[in-house]
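Per this note's numbering, the sequence shown runs over residues 35 to 315. Notes to accompany the following structure.
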Amino acid sequence: MNPKKMAKKLIFLLILLSILPVVTAATLEINIKTYPNHVVFINVAEPSDDYQLLESIKKTADTSGLASATFSSNNYNEIDLYVQINNGNEKIMSEYFSKKSMSEPLYLQIIPGKVNEDYRTLEIKNETVETANQTVEEETNQTTEETVNETIEEMMQNISSEPGITGLAIFKNSDWLSSKTTIWVVGIAAVIAIVVVFLVRRSFLSSAPPAYLPKVQHMRHSGQIMPKPKSATPIDEELLKTEAEIENVRSRIEKIKRIKDAQKRLKEEQDALKSLQDDED
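Next up, the structure:
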């Protein structure tokens, strides 16, 4: 055979191959999130009004509710999907997705009342909300002690500017707890009451006659000499009652302060989340 003719044929074949399009099969990744351990039927059809089935796929969702499958084709850039969810032999629901691109993976959520064509956006939003709530809770717990100390210091600084208000008036007028000035009034009363209690206790212990001092009676118990516990006097009981009332008031102050700070931080996080959602839309 003539070498020149062979060379011409080879050149012609090379030109022909370069002109012909290179056909490669496209593979579509299909991810479906539904109820755990449910059966997922995926029917892939042509993207047209007439239902032309291309492939039928059956999968079972794992314990997290995820079922994944792939579909390959070299003839279509788009496909239609018909998805049905079964619990055993019982049909739960079915959903139709029109003209889905073959070039990008699909992330479909198929749950009654919660159908979504990209469940990744839902996961991002849920993570953002959880992070915001966790941040508020952690910051609230970390600053509780500091907040209480700051509140007491502020109340001490404002004692001189709130004359004529006693702890007794606060305890008898419980309706004041709903007003804006309650925190200051109750706090001032608590500080004053604490000081009074300690002064009265110190004065009583230093000036009490011998008849009121505790008597020690020795008795044997397991080879040791034990003192007989003294009974509480009426004054001790009154002091304990007053201290309990003070602790109750202080707890209310702390609770009101924590709630107010937490609400403020939560509102800021919610505003940030709303801004994020608006940007995505």
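Just so it is clear, CB atoms sit at the ideal spot from N, CA and C, and this is done for glycine as well. Source: prediction; values computed, not measured.
Problem set entry | Residue nearest to Pro139 in terms of C-alpha spacing, selected from Val73, Ile145, Thr61 and Ser128 | Thr61
Exercise. Mind pulling the beta strand (DSSP E) runs of 3 or more residues that sit fully within the segment 71-119?
Worked result: 73-79, 87-94 and 100-107
Exercise. If you check the beta carbons only, do Thr68 and Ala101 fall under 8 angstroms apart?
Worked result: yes
Exercise. Can you round the beta-carbon distance between Ile144 and Ile66 to whole angstroms, since I take them to be within the 8 angstroms contact cut?
Worked result: 6 angstroms
Exercise. Exposed or buried, what is Ala306 when buried is set at 16 or more other beta-carbons lying within 10 Å of its beta-carbon?
Worked result: exposed
Problem set entry | For Val74, the nearest candidate out of Asn123, Glu277 and Asn282 (CA to CA) | Asn123
For this session: Let me know the secondary structure DSSP gives Thr61 once reduced to three states.
Result: strand
Problem set entry | Buried or exposed (CB count within 10 angstroms, at least 16 for buried), Pro244 | Per-residue confidence for Pro244 stands at a pLDDT of 47, beneath the threshold of 50, marking its modelled position as unreliable; the derived number appears in the next sentence. Under this definition Pro244 is an exposed residue.
Problem set entry | Residue nearest to Ser90 in terms of C-alpha spacing, selected from Ala103, Pro81 and Ser98 | Ala103
For this session: Identify every residue that forms a DSSP beta bridge with Gln143.
Result: Lys67 and Asn150
Exercise. When the Cα atoms are used, what is the spatial distance from Gly99 to His72?
Worked result: 8 angstroms
For this session: Please work out which residues of its chain come closer than 8 angstroms, Cβ to Cβ, to Asp83, disregarding the five sequence neighbours upstream and downstream, and give them in chain order.
Result: none
Problem set entry | Beta carbon of Leu88 nearer than 8 angstroms to that of Ser107 | yes
For this session: Output yes or no for whether 8 angstroms exceeds the beta carbon distance between Asn120 and Ile126.
Result: yes
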